[in-house]
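Heads up: the sequence shown runs through residues 1066 to 1761, numbered per this note's numbering. These notes concern the structure reproduced below.
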Amino acid sequence: MLFSREWLSEYVEIPGGEEGARELARRLTGAGLAVEQLAARDGDLLFDVDVTTNRVDCMCHFGLAREVAVALDEPLRRPPAAPEESPEPVAELAALEVEDPEGCPRYAARVVRGVAVGPSPAWLRRRLEAIGQRSINNVVDVTNYVLWELGQPLHAFDLDRLAGRRIVVRRARRGERLTTLDDVARALDPDVLVIADAERPVALAGVMGGADSEVTGATADVLLESAHFDRRRVRAASRRFGLHTDASHRFERGSDPEGCLDAATRAAALIAEVAGGVVVHGALDVRWAEAPSWTPRGFLDLARLHAFAGADVPRSDVKRWLNGLGFRLRALDDAVWEVTIPSWRYFDMEPRKPEEGKEPKVFPADLYEEVLRHYGYDRIPSDLPAVGGPDAAAPPEAARRRRLRDHLAACGYAEAIDLAFIDPREDGAFPSLRPAAPALELANPLSERLSVLRRSLLPGLVESARFNQRRGAASVQLFEVGRVFFPPSGNRAEPALPDEPEMVALVCGGRRGTPWDRAGDLDLFDLKGAVEGLAELAGGRLEARPADLPGLARGVAAELVLRGEVVGFLGQVAEEEGYPLYVAELAVEPLVAGEAPLAVAPPSRFPGIAADFTLTHPLTVTWAELERAIGRAAPPDLAAFQLKDRYRGPGVPEGAVNTTITFVYNARDRSLTQDEVNERQAALTAELERRFGWRG
């Protein structure tokens, strides 16, 4: 975009000469407004500035002058806008109605009566032509001048050509047509926002006016439109009709909603100056009551700014730069400000979506950027982050996480990495540690299929396993360590980030062993062995409690409990597309919070004696319950015990199971006799029979 030094000088003192212009160009470029070229034209000097799409506030001379004033530490002069007004109230001459306030949250209009449309004065033509604009007539030139001065698109209507002298902002009706200023007749429908009079559309909102109401040599009374339109509506209309105008360029990026009336008043004063006539008293001004606050707030903490930048920025400079850019600061203490964002920066610093009942707040990093671009990115020291050498010890939890991965790799599992975004339809397909917590929706999803953050690792991991299944893989063993996402927990005054617990998930299925060494199928117990090994690394033992869980087959699913806390799930996937798949998911934190103590004891020099015992007990009694009971009632010299067999069939009552356990007795000081073993075993079996024995 081209900017005139002569024009900029209306608002801020600019150093003279080419050297001063080059220094200003260097400072603007350092502040994020790259000056690509300086060009002399008719005694003026033009700055060719690459204004990025988020900085619509700088797509005008006054907006750029604001940046210049801060860069040069010079005062900023606002253009005058206080016209003399006739006593006649505007409400007696025109009427305004906004039927679609969501599409047009703000619409302001001023009326100038008794104008004489003709050529513009030399100063106005020169200003516009210097930046490549064509002069049309004094009224239209003023609207273009104010566009390039304040950044607010305007449109001038011939008031006498508006039916009923009425403006209605509405959606087009099916079958309506409008001939725009480029003499093209355009078919409209209800998706298009239009400016209409009492009878017909007279302009495409935010894009281009209509030929039937344009200002001509016969125009006497002018109605000036200055509005704020929903940028998505303008973008859609611009693309649909293939029209890209100076107005649509700014509306699409977000014009200043609070600048509408000031721009209309400035234009009315200039029209009265260059085309005669008188400005009618008052303005038509309609606001949408439900519009968001265009001046949101945020907080700037100097200590955090310094930590973020790695540089100490003087407090006085921070205050001067932000005030100069239009931010209002309220000191909360010596190092923290509450910052109110100016309306012309709303769409550049749009606040994050607030929690229920909370005020939206802008991101602190956006405020840091405003300070640092004027401080100078080149002044921030370039330091490499501290990295431990090859001999540096890993933090304890990192070492435990590595052991966790090493254990699963040793069990034959390959690590997978999936996206954290999933399809909302898959979100509740498997159990979650917080089933009542809603899924977090993404503000800008990659697609509808990836529009929420996962609450479980299993949907992605199971899909990866099925991808392999469908392509003929004889078996699959995968694991993933990653984060899941839940809404913030606890009652916090400030908007909080989501909770992101780390989880580990496994999936297996298919043939065990190699193609030439077939050792049967992988099953739930293969998976359970790998999972129990994870708990043993943390010095604990997992208990599996049968449970009905979403996505898992009934009767083949369980909650996993560690130290009395549910830490995960295990089971068979209910839906099959080939061989059965078995899955597990556990929270990582409990697995790395502790560590199994390293204890080594030499074996006994004396032989041990094994004794088998078969207990008939209800199916509802779990192995974990038997383990705990044996541990509490263990007789002297019980060295070990393990499950040998579980049997259901002929001879076993309905609802019961026979569990055979092998007990190994060994003393360290002598050889035990069979009678001693029988005595010890009798007391233990009596206790197990008493607590769990079948009573049909």
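Glycine included, C-beta positions come from ideal geometry on N, C-alpha and C. Being a predicted model, the structure only gives us computed values, none of them experimental.
In chain order, what are the residue ranges of uninterrupted alpha helix (DSSP H) at least 4 long that sit wholly in the stretch 1170 to 1217?
The stretch 1170 to 1217 contains these whole alpha helix (DSSP H) runs: 1187 to 1195, 1203 to 1215.
Rounded to the nearest angstrom, how far is the Cβ of residue 1621 from that of residue 1610, given a contact under 8 Å?
No, residue 1621 and residue 1610 are not in contact; Cβ-Cβ is about 13 Å, not under 8 Å.
Quick check on residue 1408 - is its C-beta less than 7 Å from some C-beta in chain B?
Absent here is chain B; the protein component of the structure consists of one chain.
On a CA-only basis, which of 1755, 1702, 1707 is nearest residue 1733? Give me that one, please.
Answer by Cα proximity: 1702.
The beta strand (DSSP E) that contains residue 1682, what's its start and end?
Unbroken beta strand (DSSP E) run through residue 1682: 1674 to 1683.
Determine the closest residue to residue 1476 out of 1597, 1388, 1257, 1120, with distance taken between C-alpha atoms.
Of 1597, 1388, 1257, 1120, the residue nearest in Cα terms is 1597.
Just to confirm, is the Cβ distance from residue 1113 to residue 1410 under 7 Å?
Contact: no.
Do the stretch 1278 to 1296 and the stretch 1220 to 1240 make contact, defined as three or more Cβ pairs closer than 8 Å?
Yes, the stretch 1278 to 1296 is in contact with the stretch 1220 to 1240.
Return the residue from the list 1245, 1270, 1532 that minimises the CA-CA distance to residue 1218.
With distances taken between Cα atoms, residue 1218 lies closest to 1270.
When DSSP builds the beta bridges, which residues end up paired with residue 1486?
According to DSSP, residue 1486 bridges with 1518.
List the endpoints of the continuous beta strand (DSSP E) containing residue 1222.
First-last of the beta strand (DSSP E) with residue 1222: 1220 to 1223.
Would you mind sorting residue 1668 into buried or exposed? The rule is 16 or more other CB atoms within 10 Å of its CB.
It counts as exposed.
Kindly indicate which three-state DSSP category residue 1624 falls into: helix, strand or coil?
Strand.
At the level of alpha carbons, what is the spacing between residue 1434 and residue 1396?
Near 19 Å, if we compare the C-alpha coordinates of residue 1396 and residue 1434.
So for residue 1633, helix, strand or coil by DSSP?
Reduced to three states, the DSSP call for residue 1633 is strand.
Taking only the alpha-carbon atoms, compute the straight-line gap between residue 1632 and residue 1710 and give it to the nearest angstrom.
Answer to the nearest angstrom: the Cα atoms are 28 Å apart.
Going by DSSP, name the residue or residues bridged to residue 1235.
Answer is 1259, bridged to residue 1235.
Distance, Cα to Cα, residue 1142 vs residue 1074?
Near 9 Å, if we compare the C-alpha coordinates of residue 1074 and residue 1142.
Can you name, in chain order, every residue of its own chain whose Cβ lies under 6 Å from the Cβ of residue 1754, other than the five neighbours on each side?
Closer than 6 Å at Cβ, skipping near neighbours: no residue.
Could you tell me if residue 1688 is buried or exposed, where buried requires 16 or more neighbouring beta carbons within 10 angstroms of its beta carbon?
Answer is exposed; the Cβ neighbour count stays below 16.
Determine the DSSP secondary structure at residue 1724, reduced to helix, strand or coil.
Here residue 1724 sits in strand by DSSP.
Report the residue ranges of all alpha helix (DSSP H) runs contained in full by the stretch 1335 to 1390; include only those spanning at least 4 residues, in chain order.
Here the runs fully enclosed are 1367 to 1374, 1380 to 1389.
Buried or exposed: residue 1638, going by 16 or more other Cβ atoms within 10 Å of its Cβ?
It is buried - the Cβ of residue 1638 has at least 16 other Cβ atoms within 10 Å.
So, at 6 Å on beta carbons, what are the nonlocal neighbours of residue 1162 in its own chain, with the 5 sequence-adjacent residues on each side left out?
Excluding residues within five positions, the ones whose Cβ falls inside 6 Å are 1233.
With distance defined between alpha-carbon atoms, name the residue in 1362, 1401, 1402, 1199 nearest to residue 1311.
The shortest Cα separation from residue 1311 among 1362, 1401, 1402, 1199 belongs to 1199.
Could you give the DSSP three-state label for residue 1418: helix, strand or coil?
DSSP places residue 1418 in coil when its eight states are reduced to three.
Hey, how far is the Cα of residue 1068 from the Cα of residue 1483?
Cα to Cα, the separation comes out at about 49 Å.
For residue 1559, count neighbouring C-beta atoms within 10 Å of its own C-beta (all shown protein chains included) and say buried if the count is 16 or more, exposed if not.
Caution is warranted here: a pLDDT of 49 is assigned to residue 1559, below 50, making its placement in the model unreliable, and no coordinate value can be reported.
State the Cα-Cα distance for the pair residue 1727 and residue 1678, rounded to the nearest angstrom.
Cα to Cα, the separation comes out at about 7 Å.
In or out: residue 1154 buried (at least 16 other Cβ within 10 Å) or exposed?
Exposed, because fewer than 16 other Cβ atoms sit within 10 Å of the Cβ of residue 1154.
For residue 1682, does the count of other Cβ atoms within 10 angstroms reach 16, so buried, or fall short, so exposed?
Its Cβ being crowded by 16 or more others within 10 Å, residue 1682 is buried.
Of the choices 1291, 1297, 1276, 1249, whose alpha-carbon is the least far from that of residue 1256?
For the residues 1291, 1297, 1276, 1249, the minimum Cα distance to residue 1256 belongs to 1297.
Give me the residue from 1487, 1604, 1383 with the minimum Cα distance to residue 1402.
Looking at the Cα atoms, 1383 is the closest of the given residues.
I'd like the list of long-range same chain contacts for residue 1569, defined as Cβ closer than 6 Å, with 5 residues on each side in sequence excluded.
Cβ within range, chain order: 1546, 1651, 1653.
Just to confirm the assignment, what range does the alpha helix (DSSP H) spanning residue 1057 have?
The question about residue 1057 has no answer here: the residues shown for the chain are numbered 1066 through 1761.
Could you spell out where the beta strand (DSSP E) holding residue 1467 opens and where it closes?
Counting along the chain, residue 1467 falls outside any beta strand (DSSP E), though it belongs to the alpha helix (DSSP H) covering 1461 to 1475.
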